[in-house]
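2 protein chains.
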Amino acid sequence: MKLAANSASTSNVLRRKKGEALILRTAEEVFADRGFQGATVTEIAKRAGLPKANVHYYFASKENLYKQVIDDVFEAWLKAAEQFEDFDNPRKALTAYISAKMDLSRERPNGSKVWANEIIHGAPTIHHYLSTRLQEWLISREVWINRWMERGQMRPVNPRYLMYMIWACTQHYADFDTQITALNQDKALSDDEFEVAKQTMVDIILTGVLRE
Amino acid sequence: MKLAANSASTSNVLRRKKGEALILRTAEEVFADRGFQGATVTEIAKRAGLPKANVHYYFASKENLYKQVIDDVFEAWLKAAEQFEDFDNPRKALTAYISAKMDLSRERPNGSKVWANEIIHGAPTIHHYLSTRLQEWLISREVWINRWMERGQMRPVNPRYLMYMIWACTQHYADFDTQITALNQDKALSDDEFEVAKQTMVDIILTGVLRE
DNA sequence: GTCTATAACCGGATAGAC
DNA sequence: GTCTATCCGGTTATAGAC
Chain E
1 MKLAANSAST SNVLRRKKGE ALILRTAEEV FADRGFQGAT VTEIAKRAGL
51 PKANVHYYFA SKENLYKQVI DDVFEAWLKA AEQFEDFDNP RKALTAYISA
101 KMDLSRERPN GSKVWANEII HGAPTIHHYL STRLQEWLIS REVWINRWME
151 RGQMRPVNPR YLMYMIWACT QHYADFDTQI TALNQDKALS DDEFEVAKQT
201 MVDIILTGVL RE
Chain S
1001 MKLAANSAST SNVLRRKKGE ALILRTAEEV FADRGFQGAT VTEIAKRAGL
1051 PKANVHYYFA SKENLYKQVI DDVFEAWLKA AEQFEDFDNP RKALTAYISA
1101 KMDLSRERPN GSKVWANEII HGAPTIHHYL STRLQEWLIS REVWINRWME
1151 RGQMRPVNPR YLMYMIWACT QHYADFDTQI TALNQDKALS DDEFEVAKQT
1201 MVDIILTGVL RE
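One line per chain: the protein sequences are E and S, in this order. Following the working numbering, the numbering of the first sequence begins with 1 at its first residue and continues without gaps. Following the working numbering, the numbering of the second sequence begins with 1001 at its first residue and continues without gaps.
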């Protein structure tokens, strides 16, 4: 009896986790497509194939659901940022970082869009991330960029504005994919085209900042 | 009598133009802050110091008002793009273009934000601009970039992805100003800091693409 | 032309049956 | 835990007085 109860309980936990994950993924998509205000709980539920009340059952409110989506997105961003780690070799570090950010834009464009949307509208729900964890990450990388310049491995450029360039360029391929597709005869970039875009970016930035 | 009538009529036309311009500018601000769905006609009217019904009197619907804001923004974008015109000298042309786009981001960040918001959410109202006027502009500039490369003035880089880099980097300073401010101890970039950002971008891109 | 008052609608949230 | 039916607040748009 006890075992059966445990088993049933475990099964419910799993079902719950699965339902929550489905709603989270769907919500990220809808928030990306429509923005926070434009997204409706009805549409999230419909795309997830659930009645609206279930969404409220799992995630109390639309705002709470949105916050969890934002948290997910930020963690993924930080994970890609870990690629900035071959600290002896700026060429390797920058190439790996730009590539990882481009891959994230390719694989999870909706996350990038949710983030962009949030920032554009004044970052009401994630301002604390910006001035704490994001700032810490940025400062630690500036230290390394400055070191590379002292060693003569890089030309003197402002490290912070270099990072902004990398963020802007890589995220552009997610956030502005509609525009990029429209300018490509309404065909989304193929894997090969995307690879060329990535290499062009790496090429221009490395040539622009490395000393050799 | 006729003269007086004309005079009164002219005055009304002026008053009307003035009211419309005020509403347009205010609407651009509110749409930038809140997105299309997040913006309310009530808030636009309040910020403009008018009763809500006046907004509907001048601009039939919220959607129509939004379309006119988008049109305005696109024209300003094209005007900055005219700076890409010193066709014999890639250094001059690229420097002038990047500077003009940066100045536009600085002076009219809300326009850039409205545009970004529109693209992120699938460009429902401006898709036609993208595949017509924007594409024409882009192709004509690619022709010139290719010519510079044939002449040996530039290293071989994909012209289109170079343009995307310039768009992404320059517009980032408008669209992500909240993030940039948060990372700057919650202080907006000063004119001097902004100038450094601009010079860093020009420096990296020119060094990255020019041959000499 | 200007503004107040209101109609018509829609979306978030919840009560309560199953 | 799941879902239907409903409430309530807020938004667009307009009718109609001035």
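In this text, a Cβ means the ideal position worked out from N, Cα and C, and glycines have one as well.
Cβ contact annotation for R106 of chain E (same chain, cutoff 8 Å, sequence separation greater than five): Y173, A174 and F194, in chain order. Cβ atoms of A197 of chain E and Y1161 of chain S come within 8 Å of each other, at about 5 Å.
Counting along the chain, the unbroken alpha helix (DSSP H) around D177 of chain E starts and ends at D177 to A182. The Cβ atoms of H127 of chain E and D1033 of chain S lie no closer than 8 Å to each other.
According to DSSP, M154 of chain E shares a beta bridge with E:L210. P124 of chain E: not part of any alpha helix (DSSP H); DSSP gives it neither H nor E. By the neighbour-count definition (other C-beta atoms within 10 Å, threshold 16), R211 of chain E is an exposed residue. Selection S:A1168, S:T1040 and S:S1099 evaluated against D1203 of chain S yields S:S1099 as nearest (Cα-Cα). In terms of beta-carbon proximity, H56 of chain E stays away from the interface with chain S, with every pair separated by 8 Å or more. The C-beta of K113 of chain E comes closer than 8 Å to at least one C-beta of chain S. Residue environment analysis places A1021 of chain S among the exposed positions, since fewer than 16 neighbouring C-beta atoms fall within 10 angstroms of its C-beta. Residue state for Q1083 of chain S is assigned as coil, using DSSP reduced to three classes.
Shown here, G1049 of chain S sits in coil according to DSSP, grouped into three states, outside any helix or strand.
Here the alpha carbons of N1117 of chain S and L1065 of chain S stand approximately 16 Å from one another.
Proximity of I120 of chain E to chain S, defined by a Cβ-Cβ separation below 8 Å, is satisfied.
With fewer than 16 other CB atoms across the displayed protein chains lying within 10 angstroms of its CB, F1087 of chain S is exposed.
Within its own chain, the residues whose Cβ lies closer than 8 Å to the Cβ of D1072 of chain S, once the five positions on either side in sequence are excluded, are L1024, E1028 and G1111, listed in chain order. Taking every protein chain shown into account, the CB of L14 of chain E has fewer than 16 other CB atoms within 10 angstroms, so this residue is exposed. For the 8 Å CB-CB criterion, G1208 of chain S and T170 of chain E do not form a contact. Separation of G1152 of chain S and K1017 of chain S (C-alpha to C-alpha, rounded to the nearest whole angstrom) is 51 Å.
When secondary structure is reduced to three states using DSSP, T132 of chain E falls in the helix class. According to the DSSP assignment, A60 of chain E belongs to no alpha helix (DSSP H), since it is labelled neither H nor E.
Between the alpha carbons of A96 of chain E and L78 of chain E lies a distance of about 14 Å. Of all residues in the region 1064-1086 of chain S, none places a beta-carbon less than 9 Å from a beta-carbon of chain E.
For the region 1199-1212 of chain S, the set of positions with a beta-carbon nearer than 9 Å to some beta-carbon of chain E reads Q1199, T1200, M1201, D1203, I1204, I1205, L1206, T1207, G1208 and V1209 in chain order. Interface annotation for the region 134-165 of chain E against chain S: L134, Q135, L138, R155, V157, N158, R160, Y161, L162, Y164 and M165, criterion Cβ-Cβ distance under 8 Å. Among the CB atoms of chain E, one or more fall inside 8 Å of the CB of R1034 of chain S. W1137 of chain S and M102 of chain E have their C-alpha atoms some 26 Å from each other.
The beta carbon of S1131 of chain S sits closer than 8 Å to some beta carbon of chain E. Across the structure, Y1058 of chain S and Q135 of chain E are spaced so that their CA atoms are roughly 45 Å apart. DSSP places D88 of chain E outside any alpha helix (DSSP H), giving it a letter other than H or E. T40 of chain E carries a coil assignment under DSSP once its states are collapsed to helix, strand and coil.
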